[in-house]
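Beneath this line is the structure, given in structure tokens, with notes to follow.
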């Protein structure tokens with residue numbers, strides 16, 4: 107019984123495929139390779155076009171030496187300006203580090219002074235407390 111159901115499903119699939127229209131066959135095509143034509147071919151006419159400076163076609167790598175010189179000079183100037191800005195910010199950071207270091211040293215010295223002062227007060231209080239406690243003990247005896 108299972109063999110009947112499987113064979114009937116196969117035949118249904120075949121009739122579905124046959125019922126659909128078939129795709130037309132692709133015609134053979136030539137390969138889409140580049141067509142090479144020599145520059146001096148009589149039917150080829152090469153025109154030099156002028157483009158405005160902001161046109162993307164004018165930004166091609168084919169530049170004359172004056173353009174290259176100008177671009178190089180602009181690039182050097184931009185780099186020098188960036189270097190100066192970085193040097194000045196580095197100098198400002200170094201000055202700020204020195205100021206913070208000076209403040210840190212000052213606070214550290216003041217902290218030592220206060221610790222010594224508090225230590226002295228604590229020793230004085232202990233000695234005063236021990237003197238007063240010995241006086242109280244002597245007076246009770």
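In my numbering, the protein residues as written are 107 to 247.
From the three backbone atoms N, C-alpha and C, an ideal C-beta is built for every residue, glycine too.
Keep in mind it's a predicted model, so treat the numbers as computed, not measured.
Tell me the DSSP secondary structure of residue 170 in three-state form. coil
Pull up the distance between the alpha-carbon of residue 205 and that of residue 183, whole angstroms please. 33 Å
Which residue from 240, 143, 160 and 158 puts its Cα closest to that of residue 152? 143
So, at 7 Å on beta carbons, what are the nonlocal neighbours of residue 234 in its own chain, with the 5 sequence-adjacent residues on each side left out? none
Distance between residue 198 and residue 207 (C-alpha atoms, nearest Å): 14 Å
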